[in-house]
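S.K.:
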Amino acid sequence: MQLNRTHLTFDDFIEYFLPSSIFRVYRGIKKVYKASKLFVNVFIINLFMIFYRKNNKAIDLYRKVWRKRNSDIESKDIDKDLSSIRPFKISVPDSVLDDLKSRLGRARLNTPSRNDNFYNGFNPEHLRKLKDYWKTKFDWRKHEQELNKYPQYKTKIGDIDVHFLHFKASQHDSKLKMIPLLLIHNWPGSFADFQKVIPILQTSCVEHGFVFEIVCPSIPGCGFSEAPHQSGIVFTQTCPRFSTSSDGSMVYRILRPWLWLQPVFLMARYHPYRVKGMHVNMCFALPNLFDSFIKTLVVSICPIFINKAEYNIIFPLKKKIRMLLQETGFLHMQCTKPDTFGYAMTDSPTALAIHVLERFHFKKNSDHLELQDGDLTGKFLDDLLTLVTILWTSNDFTNGARFFKQCISDVLQRTHENGIPLIVPSGVAFFPDEIFMLPKYMMESMVEDLVSYTVMPRGGHFSAIEEPQLLAKDICKFVQLVENRSALKIKSLR
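In this text, residue positions in the sequence shown follow full-length UniProt numbering: the first is 1, and each later residue adds one.
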């Protein structure tokens, strides 16, 4: 032991008081501990780098595409988009519908077992009734005619033919302020999901002094829009054009989740000067993990800090984790092998219906697992079969699943968590039966300006179909809050 130092260490005391043989054992244990600690640290770092490394190539491409000024989108490109706009009407050939009915008639179903209901998946007994209803009673031509009441168009964006609905306010509303509103549907979903919401939006905001000019595109590869010609992050080529109306004004973006949640967050993050507000009814993104962990720990001890409905999003934790593991097998399949999953959906209309409708009954309310019909024979059945028929006749399931994979991959790799804040005014409509949602305190760590966070009395994942009144009312409330705030800001600058 060296005594010429100005202070003594713990090891010096150990060496002084313990026999040399015991001290050597202590030194050996200490070296093993340091080596083990170093090994564990290196292992964790490498594990993180393997599974959650930043995709620098993707980040560079996103920055190149998104971080532009309005003037960077050349006028000739906008003129080209406008000149390619042409009217469109849905007209599914009879041969496609005949083939659909033929496949439904030849479907092979599982043998039902007793009292399973929906615990092992879709109830075979109910599937038989559903299949027969789709084949013999569901009137596609009737729903096709209803959808064609809305003005629809197609345009060329890049090299992709994009279908969209464009609904303008009626002539007697011309004195009211016109606000462009972009509705983005989910996956699996279509523009038809909003057919109940649009009429309500056109009337419910008049009392607040404004009306909406609504654009609702079929996202590329879904519905009646052409599929992208390459895989990967091709949606960056179309989103900037979606965000600017023909007169260059900024738009509000209202979305339904899953597939296009990530691109909408990208546009709000990288293009805040084109997006006046963003409203979501689901958030599948990763917040600030450390901040959220601390707050979650506090909330778990003192739940009085948040609304009971928000508390039930995460707690009881064991039940929520078990539920997610049990009911999200489809998510893993689509996130890893979308083409493999797509073969079954493309070849069998029965398989496609099972996938979409099972997602509905669970996301609507997990308690419906106990019901024999999964609560699918109610008022939403025709709406859901309209969606399934659109997906089947357009043969686009695999393309949508590929987009889904890319979006989820970006979320898990935190590709866009690169220090660029999300500053666009944001609103959230929280429906209590949603499968995955972030409580308010987590949303506040993700966005700089959370204008509204509404806890709904009922409803789930398919809110535009289930609760169009509640959703439309919350959209109007959010837009009014942002507009009033903008008016006050302008007034204060005068």
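Note that CB positions come from ideal geometry on N, CA and C, so glycine has one too.
1) Under the rule that 16 or more other beta-carbon atoms within 10 Å means buried, what is F330, buried or exposed?
2) Check this for me: beta carbons of V428 and V280, under 7 Å apart or not?
3) Could you check where the alpha helix (DSSP H) with G329 kicks off and where it finishes?
4) Taking the Cβ atom as the reference point for each residue, do F138 and I354 lie within a distance shorter than 7 Å?
5) I390 and S190: beta carbons closer than 7 Å?
6) Assign F360 to buried or exposed, taking buried as 16 or more other Cβ atoms, counted over all protein chains shown, within 10 Å of its Cβ.
7) Given 8 Å as the limit, is there contact between the segment 329 to 344 and the segment 95 to 107, that is, 3 or more CB pairs closer than that?
8) So, G400 versus D433, is the Cβ gap smaller than 7 Å?
9) Identify which residue in Q406, S204, L450, S409 has its Cα closest to the Cα of V424.
10) Find out if the Cβ-Cβ distance for the pair R86, K168 is shorter than 7 Å.
11) Taking 7 Å as the cut-off, decide whether the C-beta atoms of F212 and L181 are in contact.
12) Does DSSP classify F431 as helix, strand or coil?
13) Looking at T346: is its Cβ nearer than 7 Å to the Cβ of F397?
14) What residue from I306, V92, K175 has the CA that sits closest to W392's CA?
15) From K177 to S486, what distance separates their C-alpha atoms?
16) So, helix, strand or coil for Y153, using DSSP?
17) Nearest to E444 by alpha carbon, out of R458, S463, L422, F436?
18) Determine the DSSP secondary structure at C216, reduced to helix, strand or coil.
19) H166 by DSSP, collapsed to three states: which one?
20) So, for H143: in the same chain, excluding its five sequence neighbours on each side, which residues have a beta-carbon less than 6 Å away from its beta-carbon?
21) Under 7 Å, do R269 and P338 count as touching if we go by C-beta distance?
22) Throw me the rounded Cβ distance for the A309 and V455 pair, which I believe falls under 8 Å.
23) Between P303, Y119, P220, which has its C-alpha nearest G158's C-alpha?
24) Should S84 and K156 be called a contact, given that it needs their Cβ atoms to be closer than 7 Å?
25) What residues match up with K177 in a beta bridge as DSSP calls it?
26) Using a threshold of 7 Å, state whether the C-beta atoms of residue 513 and S204 are closer than that.
M.R.: Result, derived from the coordinates:
1) By the 10 Å Cβ count, F330 comes out exposed.
2) yes
3) 329 to 336
4) no
5) yes
6) buried
7) Flag = no, the segment 329 to 344 and the segment 95 to 107 do not touch.
8) no
9) L450
10) no
11) Closer than 7 Å, so yes.
12) In this structure, F431 counts as coil in the three-state DSSP scheme.
13) yes
14) V92
15) 14 Å
16) When DSSP states are grouped into helix, strand and coil, Y153 belongs to the strand group.
17) L422
18) strand
19) strand
20) T386
21) no
22) 5 Å
23) P220
24) yes
25) F210
26) Residue numbering for the chain in the displayed model covers 1 to 494; residue 513 lies beyond these limits and cannot be assessed.
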